[in-house]
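K.L.:
Here it is, the structure, as C-alpha cells.
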Amino acid sequence: MANKTDDESKLAALNSATLGAQMPQITLADGSKVQTGTVGAMLINIRAYNAAQKAGELDKLPPLEEALRVTLPLLDKVGMFELFKPEEWINGDNNGRALVGRMYQQYKLDSK
Numbered sequence: 005m006a007n008k009t010d011d012e013s014k015l016a017a018l019n020s021a022t023l024g025a026q027m028p029q030i031t032l033a034d035g036s037k038v039q040t041g042t043v044g045a046m047l048i049n050i051r052a053y054n055a056a057q058k059a060g061e062l063d064k065l066p067p068l069e070e071a072l073r074v075t076l077p078l079l080d081k082v083g084m085f086e087l088f089k090p091e092e093w094i095n096g097d098n099n100g101r102a103l104v105g106r107m108y109q110q111y112k113l114d115s116k
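The sequence shown maps to residues 5 to 116 in the numbering used here.
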C-alpha cells in the first residue's frame with residue numbers, strides 16, 4: 005500500500021489532470037491540508053468509468069479505479085461517507101458509484 009504522502013501527491017496530480025487545471029491545497033481550520041477538486045474529479049471519473057464499462061473498454065477501467073481509490077482518504081476525512089453512506093452508493097444503479105462505495109468499505113477494513 006502506498007504511503008500517505010505518495011497518495012496525496014498522486015491525488016493532486018490526478019485531480020489536476022482530470023480537471024485540466026492545477027488544483028491547490030487548502031488549509032482547514034484544524035490546520036490539516038486538503039486537496040481541492042477531489043469531488044469534481046471523482047464525479048468525472050465515475051462518469052468515465054461508467055462510459056468505459058458500457059462501451060466494453062475494459063482496458064480503461066484499472067486506471068479509473070485507481071483514480072477513484074486514491075480519493076478515499078480525503079473523502080473520508082471531509083465526511084463524504086457520513087453524508088452519503090457507502091450503502092447508498094452501492095445500492096443505486098450507477099456502477100461507478102457502487103464501485104466507490106465498495107472501495108470505501110474495503111478502505112475502512114484495511115485501515116483498521
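Cβ coordinates follow ideal geometry from the N, Cα and C atoms, glycine included.
Helix or strand or just coil, what does DSSP make of T75?
P.N.:
DSSP places T75 in coil when its eight states are reduced to three.
K.L.:
List the whole-angstrom C-beta distance separating A52 from L68, where the pair is believed to meet the contact cut-off of C-beta under 8 Å.
P.N.:
Contact holds; Cβ gap of about 6 Å.
K.L.:
Can you give me the C-alpha to C-alpha distance between P66 and G35, rounded to a whole angstrom?
P.N.:
In a straight line, the C-alpha of P66 is about 34 Å away from that of G35.
K.L.:
Suppose the cutoff is 6 Å on Cβ atoms and the five residues either side in sequence are ignored; what does the same chain contact list for L15 look like?
P.N.:
For L15, where only same-chain residues beyond five positions count, the Cβ hits under 6 Å are Q39, V74.
K.L.:
Is the beta carbon of A71 closer than 8 Å to that of L18?
P.N.:
Their beta carbons are under 8 Å apart, which means L18 touches A71 by this criterion.
K.L.:
Go to L39, then tell me how far its beta strand (DSSP E) extends in each direction, as first and last residue.
P.N.:
For the sequence presented, residue 39 should be read as Gln rather than Leu. Segment 37 to 39, the beta strand (DSSP E) holding Q39.
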